[in-house]
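Chains as they are written, first to last, in our numbering: chain W, 226 to 551; chain U, 226 to 551; chain D, 226 to 551; chain Y, 226 to 551; chain G, 226 to 551; chain A, 226 to 551.
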């Protein structure tokens, strides 16, 4: 095994491979002549690749983990325009000896630095009940750990470890500068809602080897989860202070969370009904769309076309050369 | 003042009136010749009536309460096909001396009897955590008082004191008999959700002299409020028992509440994803539509037409004689 | 051939097979080396299976019926996670010697017993013209035979022989118990409409070896067909009695049929405009959704997931464990 | 009473009036000082006008027919930009002495001539069963009388006596010329469907003093009624000839009727599924839109604006001067 | 006439008035007793007011301008909760002697200062063809005069003189700060599109005494007009330089204009297909919504309610106290 | 190579082939045993065919053009119900020696004859500015060449060389005859708009070896392009005549182009607002639907079914035998 990992995104046809992949979706198949072979999906943090092992046996098949790490020797080839890897030999590999960050898609930003910047932005909040409420979240180490690790979505935008934090910070930065332009807005309320609008995703999505919905995520959803968390933390603040948490503050903060998708169709039970709710809705959308479009341009495989493939979530293809007018 | 009240719904042109009404929307106006007169709305539990007092003064105008009770002497007359009351004399009247039920629209069923029947139906629940959860609601006298008094809606269906209870019982009765036809359903879960699906309306709507949205109702909404109440009561159950409230039970019960409007457009953040959620959605709708259609038929004023007026919420007019095939 | 049939749903990889299947979609293909082989679909009432016959010839291919019965010898194997059957020998098999119920998906309820129960429920109808109208349907043996055999849909719900009857009975049972809760409803009219609402499906769908739309079903549709049948039978009643069939009764019964899909988008030319039409619409939907959700849970193949696959017709995945709170 | 009628559309403020109107919506009202006066609507075929009779009595009020003819003396005046008629004296007037065509909105084309032209166009049909089917309609004098008198709609387009015929002829003329451009089309089928597509309106709408929906029209609708009439006449043809009416011909003709609104939202239970159905849909729409736009331009009252008022059914205002480029 | 103008927004019942108003919608009416009176609308830049002049004559009526300035003496009074002005005497007033800014709704910002700031922001553009293109607009004094005067909409947002400039500057400011957060964006292209996205409104809307659509605005629309203006100016640049204007730059700039409404339903013929188009769409919307919500809060007349009236364009009522958490 | 070309649409399994095809989408693949083979798509104007070349080498692969002409020897065979061609030998072939019309889908009408007929129809236009404007287009040889060659769409309708002309002529013919039926219409304006409504497609779509969107087509769209061309030509007319082009004529012509898709959802920034716009919209749609339905019937491969496959753009399957009632 080479010391230097070749990432999937960099592979070309005809390379010899001798390194570890994350393996999924293994399948034992029979050829016409009765021979067995194995098909599987090989992954690292940069992408996925079909693997094929000819002259297989049931023993070999069983030795491959259902979802785990596999040391593979073989060579790459082009199959119908897609790269695949012909596996000549393989054996399971212990996770402990690996740098997991090579295999799981992760933000390429520094998580602690982002977290620090987000806290800095939140420090501008002066309203005392809101400060205490946010403190309840920020001092809950279990919550913070989950928040830092969570993706922002399964596929749509920021679907990787740290994605929720990266996206939240993106919205916070934009909110901070936009707030200066509209002094009528309640900055405290808006900044608090930016931090909290998607926290429910830490419970809606798993952040393990693959990103999927939790049962609670699917049945209850991150919007309602976040509203409940705010309710619960407000109760804790009230217990601590011995005074009721201000009702209007609570109502408005929950309203911002509940309405941030902007329309019923995307799962918001309430439509924006305060100016701040429109700011949150548009800047949240803006940050997500920047990820989606820039990422689609960056990863588009068809160099000959000036447009990406059709993106169903945007109902269009994206033109790839708006950055270059020459 | 006669001992026997004449209700607004029974009045005809040309009657002499000497009794108390609830008064609203008073307005001092000037005629062409500079004389002042008062326009106001007179109400009792059966309907509303325009009141008009000629030869008014600012003093008289101020003596009429903004929203309160008024003893009126005068006569009824027909004005453009609508009855109005020409007020000859009036003075404010103390609420204490009145039977409020004469003035506020109220269910015509016995509230305690309905509540008893609902509790009977809920007694069929065997699952222990659900029983304890419901107990937390049922033994909270403040909640129960609000629940019994709450309307089910501002206008759409059961918009009167006790309407929420009457509607909840209607859905519970239908659920009880339908459950016997589909034995695969989880009866405990479904009955609990029937009880709880609309409880948030007790906080969403006021149930005073007029029914309106509370700030929290408008900003957060009864669906999310109910989900939060369930969360809070489940926490209390867990504290009491010293064991975590079963997560799946909590997820499913909240899912039923969140999805009971059936589609995103009506404010459900989640679509029904368990068989029980479809039952709740259809039987809730069925009971509401029975109220809306039967009430529209009953109160339609145009005797000459076989159809009611156009009902925007149903996108049609209702035919009034389906009960009579002869 | 074994005496005891192995149903497709029970097969596992590696079994030797020697029995009859219903065959469809046969296809003669050439391998790279110019050899011919046959692909086909093998069916019984429990499901379908791909069949593959290597070293084929045109003669063998022609000997396989286009849609008919085939005696097959061979072995099962797993191909890309799906079972297939490698056919070693085969010959056509006469339908007469088979129990067709082994091959065509059929209700697992007793058809005659269901029919009897449905007639019992309809006996509660007291209105004489409606009784005579229903009698015209019930005494038409050709209609009754088709009604008992018809499926309720091609795929959505109850897509099997007897499905229309099973679904109609499901709606009738629910209607019967719900009617007791809303005494204002016209029970005669509603029960008659429950029986007739989907009868057009007996002409819209074939109920032969495979369920497909008839030309008339596709061009005219079961809703209009049912309305026409009611028109024609009412004419026959009028001829028999010498009196015009009561117009209002006819109008309302046809209205119930025409509006039972509830919204224009699902092909209803009229929206519900009588209370009874809402009952029919909701209980029809309820019974269909119970089939769809419970069936999706029952047949879901992915044991590891707590949710079924995505169901486009419900716009969600269904959670499989709502019946089990423990 | 002058010999020469002044039509409402021609009246200006300040005229003395002495002639008969159709009266509707009479209303007895009380002034502030207790005096009675009468408000009513006066109509002729060109429009409507508010009538007001001061110093009324109950006797005078009762003498005015609820919906009938009234001989009126009085003068016109402008009231808030709208013309009204101050009635000085009035008495009921016998319908027999009037030319009803002065009072009911009627096509300004010759009905018999239009009917003759329509029959001429239909004579091009060669297919024998279709010819016989159409004959069944055309020889039914009761049907023909109703068809000639029926409006094409309550308000949307051709809402006057003879409107259905005028519209049907408009579509027939356009179809005739378009057919020559697309020789692949089945001309017989298409022409028959043009004649029959809206015949149900003869039963859906009343064509008396005012145009309203019949109960059957509201509950069943003209689309289904027309499909049923075709079914019934086809049965009569079959009885007469002793041969079954060709099923495909019947299916296609009914399909054309059922799909001619083009989309479900406008009440079509089926979408166009043959080329002819698209022709019917577009030319039907074209003729209706020509009426709606040209009529809106012709009757728009605001001479200063280059656009008509907003037309909700077209979701726009119509520019009035496209005919004049100078 | 007082030296100091009383603006309509500040008037209360019972004031004596002696000053000039802009008058519109004058109407001569007859009372029951045959007396004439005049109704009209009185306006200044702060709002509108009904005016009523009793004991009128045709001469007085004619002396009032159809749309112009009127010196009025009279007194204010409350009529059905709305203020009206009883006119005792009036005469037309020459526009020359007035400060028009008192009568026409105008931005309360300094127009030249806003224009200067906008030009400053545009100076950051480095791309030469874009600079030349913008210069063509900025040096066209007729265009600049129209741009500075134009409103941003008839009613929705910034419906006043200078509104287009105020809104454009608002979007430009937000774009400038957001651009720093997303360095991948093409700043030149985006800033140019911010300036040009709504310029077509200068031709779509009139900016005279009342704001209405021009014929070209209604028939062609500001989106297409702006795209055409860019096309024409690019042609001029090409003529001047003797080189073709870069096609990609032109395509992208027009794309930004055409897609800035974001969805087809709001009249965009193209959906956003470059990252910059999403930024323009969201920040344009954000600035408009800030105006709409803050303005609705500021002008809401019902002090007792915590919510504004229902705003159809936002499908909700706006909560008025989000700025104040205490 | 045979003298007589065998077109793809006529090929059957088992033929020996020796002729030229247009080749696309070539792909070099590896078999299990490491052998290379080539997959490619072979085209002529009648359709496409998969080509497969076993025992390939990189040299052979490179010798095949990426998109160009290939002389092929081989034999046809059936693969999974689809015809494929096993290539035994091949070499590139010079385009100059070919009749390109054999390879590119082209209208089967005579282009010059269609163009002549279209000009004849346009000659009926009497309005001078419109005549001059059209002349500017018709005398621009570059435009005319592109217009004659352009397809009307990528896939939906008339997707072949000459398709735009064929479709435009189809709409022009229908407009000509319909105009006679509605004499109120402005024939000059309507005919001019028929000619120009889709001209932008000459710039929106390429018309080379394959039909795709140009960058400008995708970013700006044919509707706006056409409106701009009209603007530019009108400017040229004005320059030539020294008089402004009549503004109303320009507004209306552009309005017709902008609104001809009829609804916002299909990319029309304006809804039809003159009678002529409805005619253009319906007859444009009619001609397109005739192509789509008749073509779907003609090319449907499944002879056993009375319906075509499901057509997503029409949301239905098309019945294939409406032309034949027997």
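Just so you know, even glycine gets a beta-carbon here, dropped at the ideal spot from N, CA and C. Computed from a predicted model, the values in this text were never measured in an experiment.
| message | If I measure Cβ to Cβ from residue 403/U and keep anything under 8 Å in the same chain, skipping five residues before and after, which residues do I get? | response | 504, 508
| request: Using a threshold of 9 Å, state whether the C-beta atoms of residue 426/A and residue 375/A are closer than that. | output: yes
| message | Looking only at its chain, what residues have a beta carbon closer than 8 Å to the beta carbon of residue 407/Y, apart from the 5 residues adjacent to it on each side? | response | 500, 504
| request: Could you name the residues of the same chain whose beta carbon sits closer than 6 Å to that of residue 587/D, not counting the 5 residues immediately before and after it, in chain order? | output: Here chain D covers residues 226 to 551 and nothing more, so residue 587/D does not appear.
| task | Report, in whole angstroms, the separation of the C-beta atoms of residue 396/G and residue 419/G, which I expect to be a contact under 8 Å. | result | 5 Å
| query | chain Y partners of residue 531/U, CB-CB under 8 Å? | reply | 440
| Within-9 Å CB hit, residue 303/G to chain A | no
| Exposed or buried, residue 389/U, counting other C-beta atoms within 10 Å across all chains shown (16 or more means buried)? | buried
| field | Proximity below 9 Å, CB of residue 382/U to CB of residue 514/U | value | yes
| Cross-strand partners of residue 277/A (DSSP beta bridge) | 264/A, 311/A
| How many angstroms separate the CA atom of residue 451/A from the CA atom of residue 254/A? | 45 Å
| request: State the beta-bridge partners of residue 286/D as determined by DSSP. | output: BP columns for residue 286/D are empty, so no partner.
| request: Pick out whichever of 319/A, 333/A, 246/A has its Cα sitting closest to the Cα of residue 298/A. | output: 246/A
| query | According to the Cβ coordinates, are residue 487/W and residue 510/W closer than 9 Å? | reply | yes
| query | Helix, strand or coil: how does DSSP classify residue 271/A here? | reply | coil
| How long is the line joining the alpha carbons of residue 471/U and residue 449/U, rounded to whole angstroms? | 20 Å
| Going by Cα to Cα distance, which pick from 358/G, 303/G, 530/G, 249/G is closest to residue 413/G? | 358/G
| task | Look at the Cβ atom of residue 293/D, then the Cβ atom of residue 317/D, and state whether they are nearer than 9 Å. | result | yes
| said: Does the stretch 514-528 of chain U come into contact with the stretch 516-524 of chain D, if we say contact requires no fewer than three beta-carbon pairs (one atom in each stretch) closer than 8 Å? | reply: no
| alpha helix (DSSP H) runs contained entirely in the stretch 232-258 of chain D, provided each spans 4 or more residues | none
| query | Unbroken alpha helix (DSSP H) runs of length 4 or more, entirely within the stretch 367-405 of chain W: which are they? | reply | 388-404
| field | Residue span of the alpha helix (DSSP H) that contains residue 294/A, given as start and end | value | Looking at the DSSP string, residue 294/A is not in any alpha helix (DSSP H); the run it does join, the beta strand (DSSP E), is 293-304.
| request: Please list the residues of the stretch 466-491 of chain Y that have a C-beta atom closer than 7 Å to any C-beta atom in chain A, keeping them in chain order. | output: 471, 473, 474, 477
| Roughly how many angstroms lie between the CA atoms of residue 324/Y and residue 230/Y, to the nearest whole one? | 11 Å
| task | Report the neighbours of residue 544/A on chain D: residues whose CB is nearer than 8 Å to its CB, in chain order. | result | 440, 443, 444
| request: Could you round the C-beta distance between residue 416/U and residue 400/U to whole angstroms and report it? I think they count as a contact, below 8 Å. | output: 6 Å
| field | 7 Å Cβ shell around residue 444/U - same chain, five flanking residues per side excluded | value | none
| query | Helix, strand or coil: which one does DSSP assign to residue 466/G? | reply | helix
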